[in-house]
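**Student:** The structure's right below; bear with me while I get my questions together.
In this note's numbering, the protein residues as written are 990 to 1336.
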């Protein structure tokens, strides 16, 4: 009995000694009261979190996350988003820039508005422009086609138009007064003599040179102690608001965006002037029997030779035409960008 008393004193709790020796200190493993012994799962301690994977298994991590609570930011704390502003968002060039933690497109806006030119330009084209009906034939007796001609005569487009004298003494190389020979001949410039110029007016519409895409976070960020959002990093993090505003504290870089533009511009009448130009004309000098002797243009100075010239045929040719005037038209009305938004970023 003294030995059993010693065992009871050491174990504090236990069973009475028995003659069969089965008392010991064993505990029934099926009893309740100890979570560790009943489930076999290590209990979570303060500062730990449990996550469940896609098939339902659990694992424990001791790293705090951005959603653990105020002040427990595993990224960086951006400035507080003021009332009446939307954010945080990130700004990119297009929708493919929405990725990572900011993968939800939150609106796109145009930037860098260019109103274009302040006047209209006209595409001026001649209408019914034609060359003169006749050409002036100029004749020198000697020395080439220099100075004032000794004789001039207009020749039309009718075939073998007579060129008749009397001719001045300077041309009477053989004493003849009704025919030309051994003389220098050219024709004067043939100018466009009729027609109008019509213009189609247009203007450089300008437009937006660039655009900005806003990207919203895919999950609501947790708040830092000062009330600012906790994000992975605050590079290019922005806030935005309809209208034109000064940027709030913490977001100093301003971008002014627009949803579109309202264009009320119109072109007035074009100032195209009248057709101007020189025709690619020529004259064929002929004998009295209408035999061809030589041809001349306003770029030629031809020697008639010994043959007697008594007629000529004028070919007006094709005109090379431009239109006079300024080639412009007045521009009335205005164009304005519409739907302004102010985007302010921390970068």
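From the three backbone atoms N, C-alpha and C, an ideal C-beta is built for every residue, glycine too. All values reported here derive from a predicted model rather than from experimental measurement.
Apply the 10 Å Cβ neighbour rule to residue 1158 and answer buried if 16 or more other Cβ atoms are within range, or exposed otherwise.
**Tutor:** Exposed.
**Student:** Using 8 Å as the threshold, is the C-beta distance between residue 1267 and residue 1178 below it?
**Tutor:** Contact flag set, yes.
**Student:** Which stretch, first to last residue, makes up the beta strand (DSSP E) that contains residue 1102?
**Tutor:** Residue 1102 -> beta strand (DSSP E) spans 1093–1103.
**Student:** Starting from the Cα of residue 1242, find the closest Cα among 1227, 1064, 1254, 1134 and give me that residue.
**Tutor:** Nearest C-alpha to residue 1242: 1227.
**Student:** Give me, in chain order, the residues of the same chain whose beta-carbon lies closer than 6 Å to that of residue 1105; leave out the 5 immediate sequence neighbours on both sides.
**Tutor:** For residue 1105, where only same-chain residues beyond five positions count, the Cβ hits under 6 Å are 1193, 1194, 1195.
**Student:** If I'm right that residue 1168 touches residue 1143 with Cβ under 8 Å, what's the distance once you round it to whole angstroms?
**Tutor:** That belief does not hold up - the Cβ atoms of residue 1168 and residue 1143 are roughly 18 Å apart, past 8 Å.
**Student:** Beta strand (DSSP E) containing residue 1273: first to last residue?
**Tutor:** 1271–1275 is the span of the beta strand (DSSP E), which, as asked, contains residue 1273.
**Student:** Within the same chain, show all residues whose beta-carbon is closer than 7 Å to that of residue 1261, passing over the 5 residues directly before and after it, in chain order.
**Tutor:** For residue 1261, where only same-chain residues beyond five positions count, the Cβ hits under 7 Å are 1111, 1113, 1186, 1187, 1188, 1312, 1314, 1316.
**Student:** Would DSSP call residue 1043 helix, strand or coil?
**Tutor:** The predicted model places residue 1043 with a pLDDT of 30, which falls under 50 and marks its position as unreliable, so this point remains unresolved.
**Student:** What is the rounded straight-line gap between the Cα of residue 1099 and the Cα of residue 1115?
**Tutor:** Residue 1099 and residue 1115: Cα-Cα distance of roughly 41 Å.
**Student:** Around the C-beta of residue 1219, are 16 or more other C-beta atoms found within 10 angstroms, so that it is buried, or is it exposed?
**Tutor:** With 16 or more other Cβ atoms within 10 Å, it is buried.
**Student:** Could you give the DSSP three-state label for residue 1281: helix, strand or coil?
**Tutor:** Three-state result, residue 1281: strand.
**Student:** Measure how close the beta-carbons of residue 1204 and residue 1079 come, nearest whole angstrom, since I'm counting them as under 8 Å.
**Tutor:** Yes, residue 1204 and residue 1079 are in contact; Cβ-Cβ is about 5 Å, under 8 Å.
**Student:** Would you tell me roughly how many angstroms separate the C-alpha atoms of residue 1296 and residue 1276, rounded to the nearest one?
**Tutor:** When rounded, the distance between both Cα atoms is 8 Å.
**Student:** Residue 1248 lies in the beta strand (DSSP E); which residues open and close that run?
**Tutor:** It spans 1242–1252 - the beta strand (DSSP E) in which residue 1248 sits, taken as one unbroken run.
**Student:** In the structure shown, what three-state DSSP assignment does residue 1159 receive?
**Tutor:** DSSP places residue 1159 in helix when its eight states are reduced to three.
**Student:** Taking the straight line between their C-alpha atoms, what separation do you get for residue 1254 and residue 1180?
**Tutor:** If you take the alpha carbons of residue 1254 and residue 1180, they lie about 39 Å apart.
**Student:** What is the DSSP secondary structure of residue 1085, counted as helix, strand or coil?
**Tutor:** In the structure shown, residue 1085 sits in a helix (DSSP, three-state: H, G or I).
**Student:** Less than 8 Å between the beta carbons of residue 1222 and residue 1065, yes or no?
**Tutor:** Contact flag set, yes.
**Student:** Considering only their Cβ atoms, is the gap separating residue 1207 from residue 1090 smaller than 8 Å?
**Tutor:** Yes, the pair counts as a contact, with Cβ atoms nearer than the cut-off.
**Student:** Distance, Cα to Cα, residue 1290 vs residue 1278?
**Tutor:** Taking the straight line from one Cα to the other gives about 24 Å.
**Student:** How is residue 1316 classed by DSSP in three states: helix, strand or coil?
**Tutor:** Coil, per DSSP.
**Student:** With distances taken from CA atoms, which of 1175, 1201, 1282 is nearest residue 1229?
**Tutor:** The shortest C-alpha separation from residue 1229 is found at 1201.
**Student:** In this structure, how does DSSP classify residue 1061 when only helix, strand and coil are distinguished?
**Tutor:** In this structure, residue 1061 counts as coil in the three-state DSSP scheme.
**Student:** Give the straight-line distance between the Cα atoms of residue 1211 and residue 1073, rounded to the nearest whole angstrom.
**Tutor:** The straight-line gap from Cα to Cα measures roughly 19 Å.
**Student:** Buried or exposed, going by whether 16 or more other CB atoms sit within 10 Å of the CB of residue 1141?
**Tutor:** By the neighbour-count rule (16 or more Cβ atoms within 10 Å), residue 1141 is not buried but exposed.
**Student:** On the premise that residue 1334 lies in contact with residue 1240, defined as a C-beta separation below 8 Å, what is that separation, rounded to the nearest angstrom?
**Tutor:** The Cβ separation is near 6 Å, so the contact holds.
**Student:** What residues are listed by DSSP as bridge partners for residue 1112?
**Tutor:** According to DSSP, residue 1112 bridges with 1189.
**Student:** Determine the DSSP secondary structure at residue 1261, reduced to helix, strand or coil.
**Tutor:** DSSP places residue 1261 in coil when its eight states are reduced to three.
**Student:** Grab me the residues of residue 1293's own chain with a C-beta within less than 8 Å of its C-beta, minus the 5 sequence neighbours each way, in chain order.
**Tutor:** Hits under 8 Å: 1169, 1170, 1171, 1172, 1173, 1174, 1274, 1282, 1283.
**Student:** State the DSSP-derived secondary structure class of residue 1406, mapped to helix, strand or coil.
**Tutor:** What the structure shows of the chain is the stretch from 990 to 1336, and residue 1406 is not part of that stretch, so it cannot be assessed.
**Student:** Determine the closest residue to residue 1123 out of 1321, 1234, 1306, with distance taken between C-alpha atoms.
**Tutor:** When only C-alpha atoms are compared, the closest one is 1306.
**Student:** Beta carbon of residue 1130, beta carbon of residue 1303: below 8 Å?
**Tutor:** No.
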